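One structure below.
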Amino acid sequence: MNWLLTVSIQLLFAIFMYVMGAIFFGAALVPGIALFLKVWQITMFTAPVLRLFLLGATISAGFFMFGVTLILLVGVFRSILGLRLQEGTYPLSSIQAMKWAFMSSLFLMVHYTFIDFILLTPFANILFRLLGAKLGRNVHFNSKFVFDATLLEIGDNTVVGGGAIINGHIVERGSLKLRKVKIGSNVLLGSHCTIMPGCQIGDRAIIAAGAIVPKGTIVPPRTVYAGREHENRKDVRQEGLDEGH
685 MNWLLTVSIQ
695 LLFAIFMYVM
705 GAIFFGAALV
715 PGIALFLKVW
725 QITMFTAPVL
735 RLFLLGATIS
745 AGFFMFGVTL
755 ILLVGVFRSI
765 LGLRLQEGTY
775 PLSSIQAMKW
785 AFMSSLFLMV
795 HYTFIDFILL
805 TPFANILFRL
815 LGAKLGRNVH
825 FNSKFVFDAT
835 LLEIGDNTVV
845 GGGAIINGHI
855 VERGSLKLRK
865 VKIGSNVLLG
875 SHCTIMPGCQ
885 IGDRAIIAAG
895 AIVPKGTIVP
905 PRTVYAGREH
915 ENRKDVRQEG
925 LDEGH
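Quick note, the sequence shown lines up with residues 685 to 929 if you use my numbering.
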């Protein structure tokens, strides 16, 4: 019967998140809808072609208003509730795991609707800061695959390349493991590289495109990490993700 209880809890959580999504999306759509109705009224007696253009432009503007509003709503909601992930190893049925799933769902609302439009703009930094990341100055995000922001620390002038994955969680042997990811200043994360939980990357390090940095890896400053053991064994050491890390 345990499996039935687990499935029931998962189903109820999914329904809860659908309701939350409807509330957040609905609230974020309000400014755009209000603008559209206003333009609809004031263009009532304009030429048809001009009116169609203005209404189309209004719908487009409304989409961007929706995205920015959604970012602010999600971030402010997380900040007001003080939601943060704590490092540790937790059962998948635990409160901490539910909190992780909830916070991930908040991020995914933006991830699947608007984040592509804010990459390499200050709005990306605003989003991740609102979600709890500790960012230095002049950080550039060119990837939407930056998860578990409350477990992320990045120094000044660091570039997150296109498609790079930064992950603060991993599921192993039926448990959820949460670990901080610390990235120094002047670091370059190459295109489509993967940074796993517990990694620490030193100042001025370069992670090559497509490289996988395994969980708990420490990349020393000024290291070029290509993800191949024979190139990195003199420069990189690993620490296990044991319970005391």
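Ideal Cβ placement from N, Cα and C applies to all residues, glycine included. Bear in mind that the values here come from a model prediction, so they are computed numbers and not experimental data.
Residue i, enclosing alpha helix (DSSP H) - first and last residue
| i | result |
| --- | --- |
| P732 | P732 to L765 |
Residues bridged to residue i [DSSP beta-bridge criterion]
| i | result |
| --- | --- |
| H853 | L862 |
| Y702 | DSSP lists no partner for Y702. |
| V830 | I850 |
| F720 | DSSP, once it has assigned bridges, lists no residue as partnering F720. |
Exposure of residue i, with buried meaning 16 or more beta-carbon neighbours within 10 Å
| i | result |
| --- | --- |
| T742 | buried |
| M728 | exposed |
| Y909 | buried |
| N809 | buried |
| L925 | Legend: pLDDT at L925 = 47, less than 50; position of this residue unreliable, no value from coordinates given. |
| I707 | exposed |
For residue i, the first and last residue of its enclosing beta strand (DSSP E)
| i | result |
| --- | --- |
| L815 | From DSSP, L815 is part of no beta strand (DSSP E); its letter is neither H nor E. |
| L769 | Here L769 belongs to no beta strand (DSSP E), and DSSP marks it neither H nor E. |
| L836 | L836 to I838 |
Inter-residue CB distance, residue i and residue j (contact presumed, cutoff 8 Å)
| i | j | result |
| --- | --- | --- |
| K864 | I854 | Incorrect: roughly 13 Å between the Cβ atoms, too far for contact. |
| V843 | L819 | At roughly 12 Å, the Cβ-Cβ gap does not stay under 8 Å, so V843 and L819 are not in contact. |
| A712 | F750 | 5 Å |
| A893 | G845 | 7 Å |
**OP:** Ignoring anything shorter than 4 residues or poking outside the stretch 773 to 811, list the alpha helix (DSSP H) runs there in chain order.
**Re:** 779 to 795
Original post:
Fully enclosed by the stretch 862 to 902, which beta strand (DSSP E) runs are 3 residues long or longer?
Top reply: 865 to 867
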